[in-house]
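Residue numbers (my numbering): -14 to 238.
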């Protein structure tokens, strides 16, 4: 059954919720900036036994906050943001249950199997999450790298999901076009993921209420988990409370 997965998004050293498609070198459109640090949220998730969540570092200046969160909830959070074969092991040693990799896997917009092999040797398949966050085009969804600004030539489709599933433990997929907008989930993408993912997959983007958890559960036959960010009360949102998400997980486990 679909589960709620928590998140900690870091930007410029702060816990924030942003509009994903607005992120660039100059900054981003911000929905929320927390008065609390990353460790506060990690402790909150640990207290309520919320597993499978992720810490994402959006750009530079987030290393210390990320490490603090990982050490606060050892093996309870995944980490993504600038992960390469060189540094993957350090995040696992700091307490990440998995590392999440995207941009490193691409060279000049093309997927690199050699780089995948390199990072896999450092992490093992069982501690590697492939971030296939994407943008919608006229021809389907294509993986977007470099803070979702560069659309690659790799399509998110059933064939590619099946092929890549042999090389990782999970997928994380942000629908970058609706990320942070609270405008509703990309139902077609969720349906595709429910039909084509042989491994666990977490979808993020556009969720705004408890009804979205119900909808993702329905569309994916319970095979896709959901991250909720900007709409969540602990991030200044008014669409759904963390308590509701915790209760959902308890009743749907």
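Cβ atoms here follow ideal geometry from the backbone N, Cα and C, with glycine treated the same way.
Spatial neighbours of residue 17 in its chain, beta-carbon cut-off 8 Å, leaving aside the 5 residues before and after: Leaving aside the five residues that flank residue 17 on each side, the residues in its chain whose CB is nearer than 8 Å to its CB run, in chain order, 1, 2, 215, 220, 221 and 222.
Residue 228 - containing alpha helix (DSSP H), residue span: Counted as a single uninterrupted DSSP element, the alpha helix (DSSP H) harbouring residue 228 occupies residues 227 to 237.
Span separating the alpha-carbon of residue 55 from that of residue 150: Roughly 25 Å between the two C-alpha positions.
Residue 169 to residue 110 span [Cα, whole Å]: Annotation: residue 169 to residue 110 spans about 32 Å, alpha carbon to alpha carbon.
Cβ pair residue 116, residue 158 closer than 9 Å: It is a contact, given that the beta carbons lie within the stated cut-off.
Pick from 76, 43 and 125 that is closest to residue 88, judged by C-alpha positions: For the residues 76, 43 and 125, the minimum Cα distance to residue 88 belongs to 43.
Closest Cα partner of residue 107 within the set 79, 118, 74 and 196: Nearest C-alpha to residue 107 among 79, 118, 74 and 196: 74.
CA-to-CA distance, residue 58 to residue 27, given in whole angstroms: Their Cα atoms are separated by approximately 6 Å.
Nearest to residue 40 (by Cα), restricted to the options 196, -12, 203 and 61: Residue 61 is the option with its Cα nearest to residue 40.
Secondary structure of residue 215, DSSP reduced to three states: Of the three classes helix, strand and coil, the one that applies to residue 215 here is coil, per DSSP.
Outcome for residue 45 when other beta-carbon atoms lying within 10 angstroms are tallied against a minimum of 16: The residue in question, residue 45, is exposed, as its Cβ has fewer than 16 Cβ neighbours within 10 Å.
Backbone secondary structure at residue 83 - three-state DSSP: In this structure, residue 83 counts as coil in the three-state DSSP scheme.
Residue from 186, 193 and 114 with nearest C-alpha to residue 205: Considering only alpha carbons, the answer is 186.
Residue 1 - DSSP class collapsed to helix/strand/coil: Under the three-state reduction of DSSP output, residue 1 falls in the strand class.
For residue 62, the three-state DSSP class (helix, strand or coil): Residue 62: strand per DSSP, three-state reduction.
As assigned by DSSP and simplified to three states, the class of residue 150: The answer is helix: DSSP assigns residue 150 an H, G or I state.
Contacts around residue 121, its chain only, beta-carbon distance under 8 Å, and the 5 residues preceding and following it disregarded: For residue 121, where only same-chain residues beyond five positions count, the Cβ hits under 8 Å are 160, 162, 171 and 174.
Proximity test, Cβ basis, 9 Å: residue 77 and chain D: Included in the structure is just one protein chain, with no chain D present.
C-beta atoms of residue 96 and residue 139 nearer than 9 Å: Contact flag set, yes.
Residue from 178, 227, 183 and 101 with nearest C-alpha to residue 32: Here the closest residue by C-alpha is 227.
Residue(s) in a DSSP beta bridge with residue 22: Residue 22 is not bridged to any residue.
Beta-bridge pairing of residue 39 - partner residues as DSSP gives them: Residue 39 is bridged to -8 and 63.
DSSP state of residue 159 mapped onto helix, strand, coil: In this structure, residue 159 counts as strand in the three-state DSSP scheme.
Separation of residue 84 from residue 65, as counted between CA atoms: Between residue 65 and residue 84, the C-alpha separation is close to 6 Å.
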